[in-house]
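K.L.:
Here the sequence shown is numbered in full-length UniProt numbering, starting from 1 and rising by one per residue.
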Amino acid sequence: MKSVCWLNFRRVFSSMVRQHFAKECEVALNKQINLELNAFYRYLAMAFHFNRSDVASPGTFRFFKTASDEEHQHAIKIMEYINKRGGDIKLMPIEEPKQSYESIKDAMLEALDMEKSVNEALLEAHAIASANNDPNMCEFLESHFLQEQVDGIKQLADYITQIETSECELSNYLFDKYLLHEDQSMHKK
């Protein structure tokens with residue numbers, strides 16, 4: 001009986017918080033949570049691939065581990081936002097990530113495609129918020145995500161170009177050393 005009472009209280013409280021937060025916006029943000037958690041999981045797999053003893057690329061490991069941590073934080077930030085707006089968080093299954101990579105370039109290309117997909121979904125979520133006259137959600141996406149995505153895409157594209165200009169084992173080794181000493185945040189604030 002207590003659990004039913006608590007559930008009713010929770011529903012009332014949630015509806016008290018919710019204001020001008022369209023269901024369509026909530027669905028878009030839940031989709032974004034899934035994309036961020038998927039990116040977190042894939043970056044984590046990339047990181048630990050490059051941390052294996054037969055690969056031994058500590059700079060690349062650190063770069064992808066930092067990216068993984070950032071994507072995890074993005075998902076949490078969106079979940080906190082949904083709760084503030086009185087919405088419901090709906091976690092969905094995430095795909096199993098690729099387990100190994102032929103090269104640093106291969107992983108960077110996959111990361112670039114993934115970041116473009118995440119960015120596209122953010123732009124769609126922003127358009128949905130605009131269409132539903134939700135300036136709060138628009139501002140949330142603009143101030144926490146949109147510019148970071150553009151910066152991250154540019155950084156990955158630059159890294160791929162640097163790798164392509166001198167593709168050989170020595171260049172991969174030197175690039176890895178560069179990453180080891182580079183600021184690792186793809187989403188600079």
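A virtual CB, placed ideally from N, CA and C, is assigned to each residue, including glycine.
Predicted model, so just to flag it, every value in this text is computed and none were measured.
Suppose the cutoff is 7 Å on Cβ atoms and the five residues either side in sequence are ignored; what does the same chain contact list for residue 149 look like?
P.N.:
115, 118, 119, 122
K.L.:
Give me, in chain order, the residues of the same chain whose beta-carbon lies closer than 8 Å to that of residue 145; leave out the 5 immediate sequence neighbours on both sides.
P.N.:
Taken in chain order, the residues that qualify are 74, 122.
K.L.:
Looking only at C-alpha atoms, which of 88, 79, 60, 87 sits nearest to residue 261?
P.N.:
Nothing in the structure corresponds to residue 261, since the chain is present only between 1 and 189.
K.L.:
Does DSSP put residue 55 in a helix, in a strand, or in coil?
P.N.:
Coil.
K.L.:
Roughly how many angstroms lie between the CA atoms of residue 180 and residue 151, to the nearest whole one?
P.N.:
Distance between the alpha carbons of residue 180 and residue 151 is about 19 Å.
K.L.:
Residue 82 to residue 76, Cα distance in whole Å?
P.N.:
10 Å
K.L.:
Is there contact between the segment 85-100 and the segment 19-28, where contact requires at least three CB pairs shorter than 8 Å?
P.N.:
yes
K.L.:
Given a cut-off of 7 Å, decide if residue 133 and residue 92 are closer than it, judged by their beta-carbon atoms.
P.N.:
Inclusion of residue 92 and residue 133 in the CB contact set at 7 Å is not warranted, their separation being larger than that value.
K.L.:
Can you tell me whether residue 49 is buried or exposed? The criterion is at least 16 other CB atoms within 10 Å of its CB, across all chains shown.
P.N.:
buried
K.L.:
Going by beta-carbon coordinates alone, are residue 68 and residue 43 separated by less than 7 Å?
P.N.:
In contact: residue 68 and residue 43 (Cβ atoms closer than 7 Å).
K.L.:
Is the Cβ-Cβ distance between residue 36 and residue 71 less than 7 Å?
P.N.:
yes
K.L.:
Do you know how far the Cα of residue 56 is from the Cα of residue 182?
P.N.:
Looking at the two C-alpha atoms, the distance is approximately 17 Å.
K.L.:
Go ahead and pull the three-state DSSP assignment for residue 106.
P.N.:
The answer is helix: DSSP assigns residue 106 an H, G or I state.
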